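> Residue numbers (UniProt numbering): 1 to 208.
Sending over a structure as structure tokens; questions will come in a sec.
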């Protein structure tokens, strides 16, 4: 096993809240080690005296891969979870049990994070950076729990979350459809923020 795979085992212990991330990484690990097929392939019947050599080899291959998959899974879950799953027959049984334990919680967290992301609105007078950090935090939580939001939709939602002070920026974005990354968007909105602050200071100095 390569050092990078060793790091996956070391740094990604399943505790519950990180289920989606753990599931993705253990899947990559099992795939790279050519053991992932046991999660979707039923255990074949044990060979008997009439079984061919080819069948015996296939059975042993499945059994070896299942044993390895169980070892990898058990090595990357917490001690409490290990104790709960020690007696399970196959890697697929362990994964199914973990799915039942944590998938619903993960879906709930994902739904809450997506809802928070969609409903987040910039408060009047709030700094662009502070607002964007909250947006990115909600988005990261949603994606960590399996939400899939394409880049253009993310940017559209963030632009729409800006306060009314940025109506001109929103209009320009809608008309020009400039392609943004989140970082690039934050930089441009901060530039617009500086212009708005200067205008407000000018108005204040003249008593407008």
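Even for Gly, the Cβ is constructed at its ideal location relative to N, Cα and C.
Note that the structure is a prediction, hence the values are computed from the model and not measured.
Per DSSP, what kind of secondary structure is residue 149 in: helix, strand or coil?
coil
> Which residues does DSSP list as the beta-bridge partners of residue 94?
Looking at the DSSP assignment, residue 94 forms no beta bridge with any residue, so it has no partner.
> For the putative contact between residue 14 and residue 108, defined by C-beta atoms under 8 Å, what is the C-beta separation to the nearest angstrom?
That pair is no contact at about 18 Å.
> Beta-carbon within less than 8 Å of residue 58's beta-carbon, same chain only, minus the 5 sequence neighbours each way: which residues are those?
44
> Taking the CB atoms as reference points, tell me whether residue 95 and residue 28 lie closer together than 8 Å.
no
> Can you name, in chain order, every residue of its own chain whose Cβ lies under 6 Å from the Cβ of residue 191, other than the five neighbours on each side?
In the same chain as residue 191, and ignoring 5 residues on each side of it, no C-beta atom comes closer than 6 Å to its own.
> Measuring CA to CA, which of 147, 100, 127 is closest to residue 118?
147
> Compute the Euclidean distance between the alpha carbons of residue 154 and residue 114, then round it to the nearest angstrom.
11 Å
> In angstroms with no decimal places, state the Cα-to-Cα distance between residue 199 and residue 12.
50 Å
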